[in-house]
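Numbering (our numbering), first residue to last: 274 to 506.
A short write-up of the structure that comes next.
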Amino acid sequence: MNINPSDGHTFGYIVGWATGNDIGSAHQALAKDYLSSKVWALSANYIAIVRHQHAIVDAVKVFEFKVGGESLLTRFKRMNPGRQIVTEGGPIQVSIADDADYMEDDPIFSVGGDLAFNWAYSDNGCRIALTGAHLSAANVNDDNTHGLGNDFHINPLTNHPHSHNWKFDISNIQDCPLATCRDVKVQGTDRGPGGHLKSGPVYGNYAIYVSSEADRFPEPGHHLTLEIEVKMS
Numbered sequence: 274m275n276i277n278p279s280d281g282h283t284f285g286y287i288v289g290w291a292t293g294n295d296i297g298s299a300h301q302a303l304a305k306d307y308l309s310s311k312v313w314a315l316s317a318n319y320i321a322i323v324r325h326q327h328a329i330v331d332a333v334k335v336f337e338f339k340v341g342g343e344s345l346l347t348r349f350k351r352m353n354p355g356r357q358i359v360t361e362g363g364p365i366q367v368s369i370a371d372d373a374d375y376m377e378d379d380p381i382f383s384v385g386g387d388l389a390f391n392w393a394y395s396d397n398g399c400r401i402a403l404t405g406a407h408l409s410a411a412n413v414n415d416d417n418t419h420g421l422g423n424d425f426h427i428n429p430l431t432n433h434p435h436s437h438n439w440k441f442d443i444s445n446i447q448d449c450p451l452a453t454c455r456d457v458k459v460q461g462t463d464r465g466p467g468g469h470l471k472s473g474p475v476y477g478n479y480a481i482y483v484s485s486e487a488d489r490f491p492e493p494g495h496h497l498t499l500e501i502e503v504k505m506s
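What follows is the structure, given as C-alpha cells:
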C-alpha cells in the first residue's frame, strides 16, 4: 500500500482497507495511492510503515504482529467491534533520517507504542493509529484519534458512510476534541469538505510493506521498489 495525501484520491476509512480491491497502478505505486489485492491477501508476521520522499526512505518502523500468519485483508475486515491492538512490545525497528522534517507531530513517528487497527469510536474510525497517542473510547464522539485512513461520519463497524464530508487520508498528532476544537490538522488536500478539516503540509508518502520472515527494513536513504529484498540475519 501507498498513501499520498495530495494525489486527488482519498484513502479514508472506507476505501480499500476491508475490501482489498486493487487501487492505482504498479507503475505509479510509490507516487500515488496504491493497493495490491494480491499483497493484501498474503499472510504476514511483520509489518513496516515507511515514510518516503519520492520513493527515498526517510523514516521506518517495523512491528511484529501478535497473531502471525494472517493477511492485512483479514485484519482490516475485523471492524465489529474493531479496536484491535495488533502488535505488542512496540516497534522492533525505528529508523529516522537525521534530516527528516515534520517529526514533532507525525502520526506514526512522533509517538511510541503499538499499532491499533480499525479504531472505531462513535461514528468515527481510524484504520491505523499508535497506542502512544490518544485513542478515543468506543462511545465518545470526540473526533480525536489520529493516524492513517480516517473518517468522522461513518458507521465504522459496517464500513458504511453517513456522508462523504469527513473522510481524509492522514491526520497529525494533536489534541483537538470536537467539543472545543474546530481545527483538525490533516496532511495534504485529500479530504472531504468538512469545515473543521484543515489542510496542511504533506510530510511524505506512507507505504506499508509486509513479510512472513523479514524483521528488518532498509535504512533511510534506501530507494524503494514494490518488493524489497532484505538480507536475513
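We treat Cβ as the ideally placed atom computed from N, Cα and C, and that holds for glycine.
As the structure is a prediction and not an experimental result, all values here were calculated from the model.
When only Cα atoms are considered, L497 and A402 end up about 23 Å apart. Residues of the same chain with a CB within less than 8 Å of the CB of H435, apart from the 5 flanking positions on each side, are D396, H426, I427, N428 in chain order. DSSP places V312 inside the alpha helix (DSSP H), whose first and last residues are 310-313. If you compare the alpha carbons of S484, V459, G494 with that of E502, the shortest gap goes to S484. Here N294 is exposed: its Cβ has fewer than 16 other Cβ atoms, across all protein chains shown, within 10 Å.
In the structure shown, F349 adopts helical secondary structure according to DSSP, grouped into three states. Under the three-state reduction of DSSP, H495 is assigned to coil, being neither helix nor strand. Going by beta carbons, D378 and Q447 fall inside the 8 Å limit.
Under the DSSP definition of a beta bridge, S472 partners with V459. Per DSSP, C449 has no beta-bridge partner at all.
The beta carbon of H469 lies closer than 7 Å to those of R455, D456, V457 in the same chain, with the five residues before and after it left out. Our two residues, I276 and Y307, have alpha carbons roughly 7 Å apart in a direct line. For A299, the three-state secondary structure derived from DSSP is helix.
Per DSSP, L388 is one residue of the beta strand (DSSP E) stretching across 388-394. Collapsing the DSSP output to three states places G289 in coil.
At a Cβ-Cβ threshold of 8 Å, S279 and T418 do not count as neighbours. Residue pairing by DSSP places T360 opposite F338 in a beta bridge.
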